[in-house]
Amino acid sequence: MSHVRDQPATGVLDDLDLYRRIYRQMLLIRGFEDLVQSLFLAGEVYGTTHLYSGQEAIATGVASVLEERDRVAATYRGHGHALALGVDPQKLLDEMLGRTSGVNGGRAGSMNVNSPDDRLIGSFGIVGGSIAAATGAALALGRTTGGVAVAYFGDGAMNQGYVFECLNFSQVFKLPLVLVCENNGYGEYTPYRSVTAGEICARVEVMGVPAETIDGMSVWTVRESAERAVAHARAGDGPVFVEALTYRFVGHSRSDPGAYRPDGELDRWRARDPIVVLRAQLEAEGVDAADLDEAEREMSVQLEQMRERGLAAPFPAELTAREFKD
Amino acid sequence: MPAIAFRTAIRDALDDELAADERVILFGEDVAVAGGVFATTTGLYDKYGPERVFDTPISELALAGAAFGSAVHGLRPVIEIMFGDFLTLAMDSLVNQSTKYWFLTQEQISVPLVIRSVVGAGGRFGAIHSQMPASWFMGVPGLKIVAPSTPADASALLKAAIRDDNPVLFFEHKRLYGLEGEVNGAAGRLGEAVVVREGRDITLVTAMKSVHDGLEAADELQAEGMSVEVIDLRTLRPLDLDTVVASVRKTNRIVVVEEGPLTGGWAGEVLASVVEHALGDLDDAWRIATPDTPIPYSPPLEDAFLPGPGRIAREIRARAR
Ligand SMILES: Cc1ncc(C[n+]2csc(CCOP(=O)(O)OP(=O)(O)O)c2C)c(N)n1
Ligand SMILES: [Mg+2]
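From first to last, the protein sequence lines are chains A and B.
According to this note's numbering, the first sequence is numbered sequentially starting from 3.
According to this note's numbering, the second sequence is numbered sequentially starting from 6.
Now the structure itself:
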């Protein structure tokens, strides 16, 4: 894991314009999650939601290296995965609000969003399920477009049969699969160390699958790692595993008491906020702070407009679902 | 007797059984230190310690397998599968190990385990956290399926399930957790339905949340002069057909309300049995269930999807006049 630097080094960001866009992308995800949370508390978003706040660097960094032909399987903590792929934030919000204009017409809700046109195979509500979806996608993409499939999942998923079956399956058949384990230290309220034997990457390496542990709070680190992983997978060399260390700044879901966090832990991770870290780096490399402030202002205006439009959108009148395709 | 919430009735029943029998152990995801994501196991870890109450990895198949293996070696495990939708992952051990063992050991060794699981729609949890898995398991011989509708039954039947020597699937409807009622603390009996409201004109058979919807519909119809008898099955497997048939002989009409897909559900099983045993007494028989599609998220869609009191009253009014 790389350390928090007192003084950012320069020349770290290979393409300043790209990182300016990445910065906006991360601001969008954070702002979107804050908006969802406030709408949840206002009773406008229903059921439950799992927010991505704190983990933005991962989805953003990975998405920045993907091509049009690649595909992604997300988790129920998937708003960030979706936004990073370019899913229309208004449509994503409207889905949470249960409106007709939602990306899935209100059928899916927060945990089950999919948007094949945006390369998002789906968000999978069963822990570990994303891995299977991406394994199958890799099977198809490898034989068709040459695309790579990416699966996101948490540390908790490392104890699901899905992981081991799909790791072995994809390695045996050398499928173009990138497995991104977002290790945020907890599965719901349970610290991952208390329910996970050994090291995550070691479990993967025994199958000969290359694995690395990276700082998931640094978007350029994620981007570099994803670049290597995607290249390996695309070259036909089989699956790659990336464990990105991160932290969620909010509860697991809306009903989380948060009592399990040791004192000071949240603050320590907040000091490594991926958005703050990137901003410091951009400034160190000469980007004007006023520009970045302006991006933030624009984002809050955009989010406020989204909120208003979303709340004004109609609910679906009736479900016209067909059980089968004719 | 003070009224307590359904979730408290579950918690207290677990507490009593852990206290009464040291072979009883409880494990699942976030059931120990955190007290359960639906707050149904609060304080049990503090009281009984990590030997008896513990958190597990997110490994449903390992949970079900560990329940099976420990149940045939002297323990009486109670496990929690957080959402009934995740039972698919636990299913192999339950179906291919636990429910077969008694038979295959020539009835030498039974499998005293309980799988508690949170089920049902209406909570806006979407297609994969709202299902009613009952019908997935109806065709599994050797399995008991319990489906209580009140705090009293939740307590009495959970105790009975833990004391039962067979594998028991115990459903807790997520929209009943807040329901309050009196609980006397005694163990009940599995496999017994109850007439929760007497009536003359039609028999309404149902379970769990739909019992309350059925009662509400019955109230509405009462005001219009129609008398509905409501039966709460309480156990879906084995089914208490005697209670249902006795009622149908009196009313000559039956509607079965099942929160679950129409095709392949237990409502069909109830109707088939009634036809077999009381065809001559029947003037009408039908099912009210959910459509054969996944469960939608959006509130108006989910509400329309579910067989609520309005639809139940409407259908009975239309057919039983
Ligand atoms: C098979 C399955 N078991 C349990 C759950 C309930 N659940 C939802 S999220 C979660 C924790 C997952 O932890 P992790 O994989 O670390 O991902 P995180 O939520 O931390 O992003 C659990 C247990 C589920 N959705 N699916
Ligand atoms: Mg986690």
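C-beta atoms are modelled at their ideal positions from N, C-alpha and C, and glycine is treated no differently.
From a predicted model like this one, the values you see are computed outputs, not experimental measurements.
Nearest to G54(B) by CA position, among S122(B), E225(B), L23(B), P146(B), is which residue? L23(B)
Taking 7 Å as the cut-off, does the CB of D35(B) come closer than this to any heavy atom belonging to ligand 2? no
Mind checking who N1(A) pairs with in its DSSP beta bridge? Coverage of chain A is limited to positions 3 through 328, which leaves residue 1(A) absent and any answer about it impossible.
Just to confirm the assignment: which complete beta strand (DSSP E) runs, minimum length 3, are found wholly within the stretch 269-324 of chain B? 289-295
Short of 8 Å Cβ to Cβ, which residues in the stretch 160-190 of chain A face chain B? N161, Q162, G163, G189, E190
Would you say M96(B) touches ligand 1, meaning its beta carbon is less than 7 Å from a heavy atom? no
Kindly indicate the opening and closing residues of the beta strand (DSSP E) around H178(B). 173-178
Using a C-beta to C-beta distance shorter than 9 Å, which residues of chain B count as neighbours of I128(A)? D90, F91, T93, L94, I133
Which residues bound the beta strand (DSSP E) around I114(B)? First-last for I114(B): undefined, no H or E at that position.
Hey, would you say the C-beta of N186(A) is under 7 Å away from at least one heavy atom of ligand 2? yes
Beta-carbon of S140(B) versus every beta-carbon of chain A: anything under 8 Å? no
Give the range of the beta strand (DSSP E) segment to which E234(B) is assigned. 233-237
CB contact flag (V275(B), S215(B), <8 Å): no
Status (buried if at least 16 other CB within 10 Å, exposed otherwise) for T104(B): buried
Hey, how far is the Cα of V280(B) from the Cα of I167(B)? 34 Å
Within 7 Å: the Cβ of G82(A) and any heavy atom of ligand 2? no
Using beta carbons (cut-off 8 Å, strictly below), is D237(B) in contact with chain A? no
Cβ-based neighbour list, S135(B), same chain, cut-off 6 Å, excluding 5 preceding and 5 following: A126, I300
Among the residues of its own chain, which have a CB less than 6 Å from the CB of P318(A), if the five just before and after it don't count? T102, G108
Tell me whether T147(A) is buried or exposed, calling it buried when 16 or more other Cβ atoms sit within 10 Å of its Cβ. exposed
So for R73(A), helix, strand or coil by DSSP? strand
Ligand 2 and D247(B): does the residue's C-beta get closer than 7 Å to at least one heavy atom of that ligand? no
Taking C-alpha atoms, which residue in R324(A), I277(A), N106(A) lies nearest to L30(A)? I277(A)
Say whether chain A places a C-beta atom closer than 8 Å to the C-beta of I15(B). no
If the cut-off is 9 Å on Cβ atoms, which residues from the stretch 64-77 of chain B count as contacting chain D, listed in chain order? Among the chains of the structure shown, chain D does not appear; the protein chains present are A and B.
Terminal residues of the continuous beta strand (DSSP E) containing G186(B)? 185-187
Per-residue DSSP class, three states only, for F155(A): strand
Would you report the Cα separation of T248(B) and G312(A), rounded to the nearest angstrom? 51 Å
For V47(A), tell me which candidate among C203(A), A110(A), N185(A), N170(A) has the shortest Cα-Cα distance. A110(A)
Three or more C-beta pairs below 8 Å linking the stretch 161-175 of chain A and the stretch 137-147 of chain A: yes
Within 9 Å of chain B by C-beta, residues of the stretch 101-116 of chain A in sequence order: R101, T102, G104, N106, G107, G108, R109, A110, G111, S112, M113, N114
May I ask you to report which of helix, strand or coil DSSP gives G33(B)? strand
Can you list, in chain order, the residues of its chain with a C-beta nearer than 7 Å to that of A286(A)? Leave out the 5 residues immediately preceding and following it. P10, T12
Taking all protein chains shown into account, decide if A8(B) is buried (16 or more other Cβ within 10 angstroms of its Cβ) or exposed. exposed
Nearest-angstrom Cα distance between D293(A) and V182(A)? 32 Å
Please report the distance separating the alpha-carbon of R73(A) from that of Y154(A). 11 Å
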